[in-house]
Amino acid sequence: MLRIGPHLSFQKGYKGALLDAKRIGATTFQYFSRPPQGGKAKEFDDNDFNYYMANKDSFGVDNILCHAPYTLNPCSAKEETREYALMVFKEDLEKLEHFPSAMYNFHPGSSTTLDRDYAIKLIIDCLNKIITPNQKTTILLETMSGKGSEVGKTFEEIKMIIDGVLYNEHLGVCMDTCHIYSAGYDIVNNFDGVLDEFDKIIGLNRLKAIHLNDSKMPFNSFKDRHECIGKGTIGLEAIRNIVNNPRIKDIPLYLETPNELDGYMEEIELIKSMRGE
Ligand code: FE
Ligand code: FE
Ligand code: ZN
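Residue numbers 21 to 297, in our numbering, belong to the letters of the sequence shown in order.
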C-alpha cells in the first residue's frame, strides 16, 4: 500500500495532524517534535496520543515520521550545542517509546570548524549515548545536500556513522530526493544506479523513508532548496520513475515541498495517480 503524506504542523498535536492528513487524502505524515529553529516541545498528552492510536487505522494513516529540530547538531564544535543535542534526543525518544514502533529522523549535523572524521566521531558518540538496546524507535539519518559543512552528503559518510554505533540495528536512513540530487547523485537519469550504490555502500534494507521533493537548484550544486513536485530541476518524469521503482515501492514517501494543505492534496493525488492507486 502506498504511504504518502506531507510535513504537517504539530500545533494541534497528533489529533490535529491526523485530521488534516485525512482531509487531504494522506496515508501518512511527518511532523516536527518541537519548533524546528529551537524552543520547547509540547508536553506529551495521553488523550491526544490515544486519539491517534484509536483512529489511525480507520483513517488509513500509519508510519508517521517525527523530525528532529534543525538546531539538533551532535557534531557542533560547541559543547553546549552537543549537550543540547543529547537532551533533545533523550526527550523526543522518550515520547516516541509510547508507540509500538516509531521513526525519528535527524540531520546528522554540521561540522563547522571541525575536521570531518572528528565530526563523524562526535555523531557516533552521541548516538551511542542515546540508543538503548531494547528501544522500539528506529532513528533515521537523513541524506544531506552538503550545504556548508553538512555531514551526510555521501552514502559513505552515512555508512561510517552506522558502523560506529553499537546498537545500530536501531538505525535507518531517510533519502531526501532534493538533497541527494544536489549532492551529485543523478536520480534523474539513473535512479537505479543510485539505488545500486546505496545498496552496495549502506544496504537497501536500511532505507526506511523517502523525502519526496523537487529541487530549485541544479544537479551537484550542494544547495538545499525544495521545490514543488514537477516544478523543479528533478521534474515530473523523474519523479514518476522514482515512485514507480519496484525496489522502493514499500517505502513511505513524505512531501516537504513549499505548499499549504491544498497544494499537498494535489501532490498526493498526483503521486497516487502516477502509481495507479
Ligand atoms: Fe530534514
Ligand atoms: Fe528532508
Ligand atoms: Zn532540505
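Glycine is no exception: its CB is placed at the ideal position from the N, C-alpha and C atoms.
Being a predicted model, the structure only gives us computed values, none of them experimental.
Those residues, in chain order, that have a beta-carbon closer than 6 Å to some heavy atom of ligand 2: E162, D196, H231, E276
Reduced DSSP category for L28 - H, G, I as helix; E, B as strand; rest coil: Three-state DSSP puts L28 in a strand.
Straight-line gap, G45 to D282 (C-alpha atoms, nearest Å): 11 Å
Exposure label - A57; buried when at least 16 CB within 10 Å: For the sequence presented, residue 57 should be read as Gln rather than Ala. Exposed, since its Cβ has fewer than 16 Cβ neighbours within 10 Å.
Identity of the residues DSSP links to T157 by a beta bridge: A122
Enclosing alpha helix (DSSP H) for D219 [first to last residue]: 211-221
Run of the alpha helix (DSSP H) containing D145, from where it starts to where it stops: 136-150
Any 3 or more C-beta pairs closer than 8 Å across the segment 192-211 and the segment 132-152: Taking 8 Å as the limit for Cβ pairs, the verdict is that the segment 132-152 does not touch the segment 192-211.
Integer-rounded CB distance, given that G250 should sit under 8 Å from I262: Contact doesn't hold; Cβ gap of about 12 Å is too wide.
contact_flag[the segment 207-219, the segment 241-248] where n(CB pairs < 8 Å) is 3 or more: no
Cβ-based burial, R43 [other Cβ within 10 Å; buried from 16]: exposed
CA nearest to the CA of I298, picked from Q31, L160, F49: Here the chain has residues from 21 to 297 only, and residue 298 is not among them.
Beta-carbon proximity list for I349, same chain, < 8 Å, skipping 5 on both sides: No information on residue 349 is available, as it lies outside the stretch 21 to 297 that the chain covers here.
Backbone CA spacing between D112 and N210 [nearest angstrom]: 37 Å
Any chain D beta carbon closer than 9 Å to A61: As a matter of chain content, chain D is missing from the structure shown, which is built from one protein chain.
Option nearest K156 by Cα separation, candidates D77, L116, F30, D183: L116
N170 classed as buried or exposed, judged by whether at least 16 other C-beta atoms fall within 10 angstroms: The sequence as given places Glu at residue 170; Asn does not occur at that position. Result: buried.
For C86: DSSP bridge partner residues: Y51, Y124
Bridge partners - C194, DSSP secondary structure assignment: E162, A229
Opening and closing residue of the beta strand (DSSP E) in which Y274 lies: 273-275
Option in E103, S165, H118 with minimal Cα separation from L142: E103
Local Cβ density within 10 Å of G223, reported as buried at 16 or more and exposed below that: exposed
Closer than 8 Å: S29 CB and nearest ligand 3 heavy atom: no
Which listed residue (I178, A37, N265) has its alpha carbon closest to that of I221: Taking only the C-alpha atoms, the option nearest I221 is I178.
Residue(s) in a DSSP beta bridge with D234: E247
Beta-carbon gap between Y124 and L160 smaller than 9 Å: yes
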